[in-house]
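For reference, the structure discussed in these notes is given below.
Numbering (this note's numbering), first residue to last: 389 to 762.
Put into structure tokens, the structure is as follows:
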């Protein structure tokens, strides 16, 4: 493993936001209003966004190295020719305008700790040194190597990407910090408790490894047992079909504006959250359980994913994103001769909710408002 990859030992790397940043065969490694830089498995391309023209491109050897493009420079780590099988690295810098090689003031060790390019700066991750210094983020000028800003991540217990430009750090003090990597703006939110309980400043054990997700209204704190992730995806289908997030004990929502807890919903064992599509006013919980008196039943393969035996009981619960109120429960029928793996819902212009759940289809129609008394 290359030395630069070790910086991510404190990150949650098994979830979709991480894959959007580092896990794609084609990734955006920098850009601005006028240009964008793309990295594929074998090539770097600089594209003019106004004309769509390829300004320049460069073939690169395949391997686990990342490219970062600032306004002035495009940086690339390559295995050293002298010791290609070791952790030694050779940093290469190219002019952003025409792709010609140029000298760089950024040392190799610093480039290996880079997590993002922002304007004409590199955002550098600093690993915590126990008992000495906390983890940190630095914004470093890509031409001069000067540090413009340093943010210390005190009491951090885990770190994750919320999206390509946003980092979330969960702390041991019952808070999480949301950091915009482009502007360095930071928001601190209390998610473990509100009011007097928050003054104790501790994070419960089941929340220490929580996954943080978001929509326009809320941040969602999902206590996520990673060992169940593969099993849950196997039950529900492949990750590309359905992104289900298994829960431990609960799901809680934190208001993005006020930073206060909106609601907390208890979750039984075998419950997962489905947060897509985020623009809809409801989210779904999927609960898998075994019927009474039956041995545990494994799913069976079907076209496009996995189905379920009749011994397995599945319930879909809809929650309001704003209040956490339960809107309905739907018990999924597994009697279909051709079960399918999948979950989909949409709200029609008539405010009907159409739900498709593992081969079942149902429409929920709101009750009409009572007539006014004359």
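Quick reminder that beta carbons are idealized off the backbone N, C-alpha and C, glycines included.
For clarity, every value in this text was computed on a predicted model and none was experimentally measured.
Q | Cβ contact check for the segment 488–507 and the segment 442–461: 3 or more pairs under 8 Å | A | yes
Q | Range of the contiguous beta strand (DSSP E) that encloses residue 593 | A | In the chain shown, counting from the first residue as 1, residue 593 sits at position 205. No beta strand (DSSP E) holds residue 593; DSSP gives it neither H nor E.
Q) What is the residue span of the beta strand (DSSP E) that residue 599 lies within? A) To locate residue 599, count along the chain shown from 1; it is residue 211. DSSP places residue 599 in the uninterrupted beta strand (DSSP E) bounded by 598–602.
Q: Identify, in the order they occur along the chain, each residue of the same chain with its Cβ nearer than 6 Å to the Cβ of residue 464, setting aside the five sequence neighbours on each side.
A: Counting from 1 along the chain shown, the entry for residue 464 is found at position 76. Here the set comprises 455, 480.
Q) So what's residue 410 in DSSP terms, helix, strand or just coil? A) Taking the chain shown and counting its residues from 1, the one referred to as residue 410 is at position 22. DSSP places residue 410 in the helix class (H, G or I) of the three-state scheme.
**Q.** Counted within 10 angstroms of its Cβ, other Cβ atoms place residue 650 as buried (16 or more) or exposed
**A.** If you number the chain shown from 1, residue 650 lands on position 262. Residue 650 should be labelled buried.
(Q) Can you tell me whether residue 483 is buried or exposed? The criterion is at least 16 other CB atoms within 10 Å of its CB, across all chains shown. (A) In the chain shown, residue 483 corresponds to position 95, counting from 1. Residue 483 comes out exposed.
Q: Determine the extent of the beta strand (DSSP E) in which residue 641 is found, giving its start and end residues.
A: As a position in the chain shown, residue 641 is number 253, starting the count at 1. 638–643 is the extent of the beta strand (DSSP E) around residue 641.
Q: Check whether the Cβ atoms of residue 521 and residue 541 lie closer than 8 Å to each other.
A: As a first step, residue 521 is located in the chain shown; it is residue number 133 there, counting from the start. As a first step, residue 541 is located in the chain shown; it is residue number 153 there, counting from the start. Contact flag unset, no.
Q. How would you label residue 485, buried or exposed, when you count the other beta carbons within 10 angstroms and need 16 or more for buried?
A. Numbered from its first residue, the chain shown carries residue 485 at position 97. Exposed.
Q: List in chain order: all unbroken alpha helix (DSSP H) runs of 4+ residues lying wholly within the segment 418–457.
A: Not a single unbroken stretch of the alpha helix (DSSP H) spanning 4 or more residues falls wholly within the segment 418–457.
Q: Scan the segment 490–548 and note each continuous alpha helix (DSSP H) run of 4 residues or more that stays entirely inside, going in chain order.
A: 496–499
Q: Can you give me the start and stop residues for the beta strand (DSSP E) that residue 720 sits inside?
A: Here residue 720 corresponds to residue number 332 of the chain shown, with the count starting at 1. Taken as a continuous stretch (DSSP letters only), the beta strand (DSSP E) holding residue 720 covers 714–720.
Q | residue 476 versus residue 497: straight-line alpha-carbon distance, rounded | A | Looking up residue 476 in the chain shown gives position 88. Looking up residue 497 in the chain shown gives position 109. Low confidence applies here, because residue 476 scores a pLDDT of 43, under 50, leaving its location unreliable and the question unanswered by this model.
Q) Ordered along the chain, which non-local residues of its own chain (more than five positions away) have a Cβ less than 6 Å from that of residue 537? A) The residue you call residue 537 lines up with position 149 of the chain shown. Counting only Cβ-Cβ distances below 6 Å, and skipping sequence neighbours, we find 527, 572.
Q: Whole angstroms is fine: what's the gap from residue 701's alpha carbon to residue 529's?
A: Within the chain shown, residue 701 is the residue found at index 313, counting from 1. Within the chain shown, residue 529 is the residue found at index 141, counting from 1. Their backbone Cα atoms lie some 56 Å apart in a straight line.
Q: Specify the secondary structure class of residue 753 as computed by DSSP and reduced to three states.
A: One-based indexing of the chain shown puts residue 753 at position 365. Correct three-state label for residue 753: coil.
Q. Quick one: any contact between the segment 428–437 and the segment 488–495, if contact means 3 or more CB pairs under 8 Å?
A. No, the segment 428–437 does not touch the segment 488–495.
Q. How is residue 701 classed by DSSP in three states: helix, strand or coil?
A. Here residue 701 refers to the residue found at position 313 of the chain shown. In the structure shown, residue 701 sits in a strand (DSSP, three-state: E or B).
Q.
On a Cα-Cα basis, can you pick out the residue from 665, 606, 519 that is closest to residue 632?
A. As a position in the chain shown, residue 632 is number 244, starting the count at 1. Cα-wise, what sits closest to residue 632 is 665.
Q. In terms of residue numbering, what span does the beta strand (DSSP E) encompassing residue 733 cover?
A. Translated into the one-based positions of the chain shown, residue 733 becomes position 345. Element bounds for residue 733: 731–735.
Q | Exposure label - residue 625; buried when at least 16 CB within 10 Å | A | Residue numbering aside, residue 625 sits at position 237 when the chain shown is read from its first letter. Annotation note: pLDDT 45 at residue 625 (below 50); position unreliable, coordinate value reported separately. When all chains shown are included, residue 625 counts as buried.
Q: Note down, in chain order, each residue of its chain lying with its Cβ closer than 6 Å to the Cβ of residue 531, except the 5 sequence neighbours on either side.
A: Within the chain shown, the letter at position 143 stands for residue 531. Within the same chain, and ignoring the five residues on either side of residue 531 in sequence, the residues whose Cβ sits closer than 6 Å to its Cβ are 460.
Q. Mind checking residue 739: buried by the 16 CB within 10 Å criterion, or exposed?
A. In the chain shown, residue 739 corresponds to position 351, counting from 1. Exposed, by the Cβ-count rule.
Q. Any idea if residue 719 is buried or exposed, counting beta-carbon neighbours within 10 angstroms, 16 or more meaning buried?
A. Walking along the chain shown from the start, residue 719 turns up at place 331. By the 10 Å Cβ count, residue 719 comes out exposed.
Q.
Between which two residues does the beta strand (DSSP E) holding residue 650 run?
A. One-based indexing of the chain shown puts residue 650 at position 262. Annotation: the continuous beta strand (DSSP E) that includes residue 650 extends over 649–654.
Q. Do you know whose CA, among 557, 577, 636, 751, lies nearest residue 513's CA?
A. If you number the chain shown from 1, residue 513 lands on position 125. Comparing alpha carbon positions, the residue from 557, 577, 636, 751 closest to residue 513 is 557.
(Q) Helix, strand or coil, according to DSSP, for residue 463 in the structure here? (A) The residue labelled residue 463 in the question sits at position 75 within the chain shown. Residue 463 falls in the strand class under three-state DSSP.
Q.
Could you tell me the alpha carbon to alpha carbon distance between residue 427 and residue 487, rounded to whole angstroms?
A. For the purposes of this step, residue 427 is taken as the residue at position 39 of the chain shown. For the purposes of this step, residue 487 is taken as the residue at position 99 of the chain shown. The straight-line gap from Cα to Cα measures roughly 14 Å.
Q | Boundaries (first-last residue) of the beta strand (DSSP E) holding residue 574 | A | Locating residue 574 in the chain shown gives position 186, counting from the first residue. For residue 574, the uninterrupted beta strand (DSSP E) segment begins and ends at 574–578.
**Q.** residue 738 - DSSP class collapsed to helix/strand/coil
**A.** Counting from one through the chain shown, the residue named residue 738 turns up at place 350. Residue 738 falls in the coil class under three-state DSSP.
Q) Smallest Cα separation from residue 545: which of 599, 676, 743, 737? A) Along the chain shown, read from residue 1 onward, the residue named residue 545 stands at position 157. Closest option to residue 545, Cα to Cα, is 599.
Q: Starting from residue 668, follow the beta strand (DSSP E) in both directions and report where the run begins and ends.
A: Looking up residue 668 in the chain shown gives position 280. Per DSSP, residue 668 lies in no beta strand (DSSP E) segment and is marked neither H nor E.
Q) Where residue 716 and residue 707 are concerned, what is the direct C-alpha to C-alpha distance, given to the nearest angstrom? A) The sequence position of residue 716 within the chain shown is 328, counting from 1. The sequence position of residue 707 within the chain shown is 319, counting from 1. Taking the straight line joining both Cα atoms gives about 8 Å.
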